[in-house]
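If you're matching positions, the sequence shown starts at 0 in numbering that gives the first Met the number 0 and goes up one per residue.
The beta-carbon is built from N, C-alpha and C at its ideal position, and this holds for glycine as well.
Single-structure report; data block below.
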Amino acid sequence: MSELSVKHLLGIKYINEKDIQLIFETADHFKEIINRPIKKVPSLRDITIANLFFENSTRTRLSFELAEKRLSADVVNFSAASSSVKKGETLIDTANNILAMKVDMIVMRHPNPGAGVFLSKHIDASIVNAGDGAHEHPTQALLDSYSIRERLGDVAGKKVVIVGDILHSRVALSNIYALKLQGAEVMVCGPKTLIPKYIGELGVTIETDLKKALQWCDVANMLRVQNERMDISYFPSTREYSQQYGVTKQLLTSLNKEIVIMHPGPINRGVEITSEVADSKQAIILDQVENGVAIRMAVMYLLASKIK
Numbered sequence: 000m001s002e003l004s005v006k007h008l009l010g011i012k013y014i015n016e017k018d019i020q021l022i023f024e025t026a027d028h029f030k031e032i033i034n035r036p037i038k039k040v041p042s043l044r045d046i047t048i049a050n051l052f053f054e055n056s057t058r059t060r061l062s063f064e065l066a067e068k069r070l071s072a073d074v075v076n077f078s079a080a081s082s083s084v085k086k087g088e089t090l091i092d093t094a095n096n097i098l099a100m101k102v103d104m105i106v107m108r109h110p111n112p113g114a115g116v117f118l119s120k121h122i123d124a125s126i127v128n129a130g131d132g133a134h135e136h137p138t139q140a141l142l143d144s145y146s147i148r149e150r151l152g153d154v155a156g157k158k159v160v161i162v163g164d165i166l167h168s169r170v171a172l173s174n175i176y177a178l179k180l181q182g183a184e185v186m187v188c189g190p191k192t193l194i195p196k197y198i199g200e201l202g203v204t205i206e207t208d209l210k211k212a213l214q215w216c217d218v219a220n221m222l223r224v225q226n227e228r229m230d231i232s233y234f235p236s237t238r239e240y241s242q243q244y245g246v247t248k249q250l251l252t253s254l255n256k257e258i259v260i261m262h263p264g265p266i267n268r269g270v271e272i273t274s275e276v277a278d279s280k281q282a283i284i285l286d287q288v289e290n291g292v293a294i295r296m297a298v299m300y301l302l303a304s305k306i307k
């Protein structure tokens, strides 16, 4: 069996195109399993996985937990979102305490960019980054690409626009890396205040006019505005934002083609996307959720094969 080129999944930045394809092929296999009446396989029966969430998360944590249970792993949940575990030293102490319980793999979400990389240098367990600050969210980017591949047959050559709050989004950065690795063309679209200065260096096009962006793309990945990460106001009002950057059925109908609509969730219905669009046939939002479990199973299964 081929194996991943890395011991941890810290970010898309650290993996290559072969890794992505291997994860996708493995996810195909697991997707077939999770659609059977008996959804469990004993693949990780001897592996203990700790979920360390230093930031609130519902969907990602549930998705990882379900993936771990489908693989028959032993699971330990540690939620530090409400505690004061914020400093580097405490992070190592926390991890070491958990490792003393003989844990093989850590799935971690942390508010500080680079927390996973930092931890990987100090402990032996395999680490999966479930989101580090506004930096990366690799499994989300993988499930997004996987969902595009499932709907359109391939990612290479496709035109994908990421719309919205690019500045505060770890999903945007991981998606740009993943899509570029697979040969897609990428554009970002949003208010100038929400597009970081360095983004052009990543080989993406910048567009501030939503209609032009949608006219150009095959796929639009709609991000929510991350109000919880904003300490200042980046646009006049939510109403004005949604008038300029919200996707409505009317807007989609006005295009001369049909595009695929994605959203990493949670959706702010009526802001970046209307309910009519979210629930339409063009949206693959629920497919992304289902694919998330298969992708996370694939990632943990492939990393675990390097532990034994």
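Using the C-alpha atoms, what's the distance from residue j back to residue i?
i, j, result
"Leu-90", "Ile-48", "17 Å"
"Ser-304", "Glu-184", "33 Å"
"Ile-283", "Glu-24", "20 Å"
"Pro-41", "Ala-72", "8 Å"
"Lys-210", "Leu-70", "43 Å"
"Gly-156", "Leu-9", "26 Å"
"Val-74", "Lys-196", "41 Å"
"Ile-294", "Leu-141", "7 Å"
"Arg-150", "Glu-257", "13 Å"
"Ser-62", "Arg-169", "18 Å"
"Ile-37", "Val-203", "43 Å"
"Ile-105", "Thr-93", "11 Å"
"Met-296", "Glu-67", "7 Å"
"Gly-264", "Ile-306", "32 Å"
"Val-224", "Asp-164", "5 Å"
"Glu-64", "Gly-132", "21 Å"
"Leu-302", "His-7", "7 Å"
"Val-246", "Ile-194", "18 Å"
"Val-116", "Leu-251", "41 Å"
"Ser-274", "Ile-266", "9 Å"
"Pro-208", "Phe-234", "The identity of residue 208 in the sequence shown is Asp, whereas the question assumes Pro. Cα-Cα distance, rounded: 15 Å."
"Thr-59", "Gln-249", "32 Å"
"Val-298", "Asp-18", "10 Å"
"Asn-76", "Ile-97", "10 Å"
Name the residue from the options whose alpha carbon lies nearest to the alpha carbon of residue i.
i, options, result
"Ile-161", "Leu-151, Arg-148, Asp-153 and Asp-143", "Asp-143"
"Arg-108", "Asp-123, His-121 and Glu-135", "Glu-135"
"Val-259", "Lys-248, Gln-281, Asn-174 and Phe-52", "Gln-281"
"Tyr-240", "Ala-66, His-28 and Val-270", "Val-270"
"Asn-55", "Gly-115, Lys-30 and Ala-129", "Ala-129"
"Pro-110", "Gln-139, Ala-79, Leu-98 and Ser-4", "Ala-79"
"Val-154", "Val-102, Cys-216, Ser-119 and Ile-205", "Cys-216"
"Lys-101", "Asp-45, Ile-14 and Arg-223", "Asp-45"
"His-167", "Pro-190, Glu-200 and Ile-147", "Pro-190"
"Ile-22", "Asn-50, Leu-254 and Pro-137", "Pro-137"
"Leu-222", "Gln-249, Thr-192 and Val-187", "Val-187"
"Asp-286", "Ile-14, Ser-146, Thr-207 and Leu-51", "Ser-146"
"Ala-277", "Gln-242, Gln-243, Gly-291 and Asn-220", "Asn-220"
"Ile-122", "Pro-112, Gly-113 and Asn-95", "Asn-95"
"Asn-34", "Ala-99, Val-292, Tyr-300 and Met-299", "Val-292"
"Ala-212", "Gln-249, Ala-177, Val-159 and Leu-201", "Val-159"
"Ala-177", "Gln-20, Ser-4 and Phe-53", "Gln-20"
Please classify residue i as buried or exposed, where buried requires at least 16 neighbouring CB atoms within 10 angstroms.
i, result
"Gln-181", "buried"
"Asn-174", "buried"
"Ser-125", "buried"
"Glu-31", "exposed"
"Gly-199", "exposed"
"Arg-238", "exposed"
"Leu-254", "exposed"
"Glu-16", "exposed"
"Thr-57", "exposed"
"Thr-192", "exposed"
"Gln-139", "buried"
Counting only C-beta atoms, is residue i closer than 8 Å to chain B at any point?
i, result
"Lys-248", "The structure shown contains no chain B; it holds only a single protein chain."
Helix, strand or coil for residue i, going by three-state DSSP, please let me know.
i, result
"Met-100", "coil"
"Ile-105", "strand"
"Ile-272", "strand"
"Ala-124", "coil"
"Thr-57", "coil"
"Ala-94", "helix"
"Val-298", "helix"
"Gly-132", "coil"
"Val-288", "helix"
"Phe-234", "coil"
"Val-74", "strand"
"Ala-303", "helix"
"Leu-254", "coil"
"Val-40", "coil"
"Val-259", "strand"
"Thr-47", "strand"
"Ala-26", "helix"
"Leu-8", "strand"
"Ala-282", "strand"
- Enumerated in chain order, which unbroken segments of the alpha helix (DSSP H) with a length of 4 residues or greater are wholly contained in the region 143-227? 169-180 and 209-215
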